[in-house]
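**Q** In the working numbering, the protein residues as written are 99 to 514.
In this text, a Cβ means the ideal position worked out from N, Cα and C, and glycines have one as well.
Take a look at the following structure, please.
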Amino acid sequence: MKHSKQVEILKELMSQLDENRNVDAGAQYRLPTSDYICPDLAQREWNAFFREHPQIIGLSGDLPENSSFFTIDDFGAPVLATRGKDGVFRAFLNACRHRGARVAQEPKGKAARFTCPFHSWTFANDGKLLAIPEQDHFGPVDKSCMGLVELPAAEVAGMLFVHPQPAATLDVEALLGEELLEELEGWGFKDYIHVADLDIDKKLNWKLANDTFGETYHFPKLHKNTLGHVFYGNNLAYEEFGRHHRFVTASKLIDALRGLPEDQWTITPATFVLYYLFPNIQAVCVSTGMNMARIYPDPNNPGRSLTRVAGYFSPQALAIYEEQVANGGSEGKLLKIEEFYARAAEPDIIRTPETAVEAFSSTVSAEDYVMGEHQQFAASSGQLEYSLFGRNEAPLHHFHSNYRDALGRPPLEKIG
Ligand code: FES
Ligand SMILES: [Fe+2]
């Protein structure tokens, strides 16, 4: 992010804190709770946003070397992501061209070729069909057109994009827009290192899971023993980029900047910067790197979703951590979670790779998504007709208006 933009955001947050005000969307809106439970809507969302829409499946660091690969089944197609010996990221249907068994079995690893377990057809990691056993028995096959089905894929700004439909076009610039893409490039995600994973499977609609990331009103209440130690809550610098948005909120470390010249200000750790990337990515940038949550519906149950969290460290943060470990430090690992949060503002607290996704365990899973499960149950009763979004919950207006608009549905109802 440009330094001038960092300063602008930091000043806005300081003034919100000084004036005891929050982001103000100027109106409240209400959402029918049927949006969280309707099976027909869930099917339309699944098709439009997951089966037929580009997906961000990770960062460059998920394919750290040539011949790295990973598999992903979360959006209705078996996908194999590879980095070839030429260093190029490619994506394929993880389905053998013989009769469709998975050619790659493991969630991730290193392999130059994949041998299907069923009849041992073998494919290179650039998709080419290399070998068919007993081909004289099988009969002739033109190997040159029986490689793995390739999916449109692109590696841009250190992020891995795939379109699930082989015939689709993938235009990342059109998807994100030039301004947002340039800002994302500035973070240097391409060098980030994958350090931790967490899966959260809970009984809440995928949109309720996204709603968790849509306001800071709840920070000092719901998160008073976790994230609320570190982040003030009730303040938000918020900007929309088409269907995407940026959400920045102040940590208590912002106060340390007040005595410093502006050219020394940096956006983290004085804040966290969250990018919502339509339809299902919540990417949280922090001082150590980035945590990316990919939120998937259960295509058979609107009342369930799966959040896959991946933690990434910047090379600088990883070097600091390794140096601390080399010097005998292991304190961050030993602290109980409440204590970790209580002391998280201390500059020398050790942030281990485990703590990268810790907030998603202690805070998102154990606190936010528990509220989401309550909300889901209430919605499913059919007896609570609407949810209300306050003027201070602007990102929720945007998120819900977005997917409604994308499906040609009416916007949220403004209620004053
Ligand atoms: S299905 Fe893969 S070799 Fe037969
Ligand atoms: Fe929260």
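Excluding sequence positions up to five away, which residues of its chain have a Cβ less than 8 Å from the Cβ of leucine 268?
**A** Same-chain partners within the cutoff: Pro152, Pro250, Ala251, Ala252, Phe259, Val260, His261.
**Q** Looking at the structure shown, is arginine 181 part of a helix, part of a strand, or coil, going by DSSP?
**A** If DSSP states are grouped into helix, strand and coil, arginine 181 belongs with the strands.
**Q** Inspect the beta-carbon positions of glutamate 313 and glutamate 491 and report whether they are closer than 8 Å.
**A** It is a contact, given that the beta carbons lie within the stated cut-off.
**Q** Taking C-alpha atoms, which residue in Gly506, Trp285, Asp299, Ala476 lies nearest to threonine 386?
**A** Minimum Cα distance to threonine 386 is reached at Trp285.
**Q** Which term fits proline 367, buried or exposed, when burial requires 16 or more other beta carbons within 10 angstroms of its beta carbon?
**A** Its Cβ being crowded by 16 or more others within 10 Å, proline 367 is buried.
**Q** Of all the beta strand (DSSP E) runs that stay within the bounds of the stretch 290-373, which reach a length of 3 or more residues?
**A** Within the stretch 290-373, the complete beta strand (DSSP E) runs of at least 3 residues are 291-300, 335-339, 342-348.
**Q** Using a Cβ distance threshold of 8 Å, determine whether the stretch 331-345 contacts the stretch 118-135, with at least three qualifying pairs required.
**A** Judged by Cβ distances under 8 Å, the stretch 331-345 makes contact with the stretch 118-135, as three or more pairs qualify.
**Q** With a cut-off of 7 Å, give the chain-ordered residues whose Cβ is closer than this to any heavy atom of ligand 2.
**A** Those residues, listed in chain order, are Thr310, His316, Phe317, Leu320, His321, Leu325, Thr461, Val462, Glu465, Asp466.
**Q** Please list, in chain order, all residues of the same chain as asparagine 308 whose beta carbon is under 8 Å from its beta carbon, the five residues on each side excluded.
**A** Once the five neighbours on either side are set aside, the close Cβ partners of asparagine 308 are Tyr374, Asn378, Gln380, Ile393, Phe497.
**Q** Taking the Cβ atom as the reference point for each residue, do proline 413 and alanine 140 lie within a distance shorter than 8 Å?
**A** No, they are not a contact pair.
**Q** Between Arg502, Phe190, Gly488, which lies nearest to phenylalanine 221 when the distance is taken from Cα to Cα?
**A** Closest by alpha carbon: Phe190.
**Q** If you measure from the CB of phenylalanine 216, is any heavy atom of ligand 1 nearer than 7 Å?
**A** True, at least one ligand heavy atom lies under 7 Å from that Cβ.
**Q** Have a look at threonine 310 and glycine 506 and give me their C-alpha separation to the nearest angstrom.
**A** Roughly 24 Å between the two C-alpha positions.
**Q** For glutamine 362, does the count of other Cβ atoms within 10 angstroms reach 16, so buried, or fall short, so exposed?
**A** It counts as exposed.
**Q** Note the first and the last residue of the continuous beta strand (DSSP E) segment covering tyrosine 394.
**A** Here the beta strand (DSSP E) through tyrosine 394 covers 387-396.
**Q** CB-CB under 7 Å to histidine 321, same chain, minus the five flanking residues each way: which ones, in chain order?
**A** Same-chain partners within the cutoff: Thr461, Glu465.
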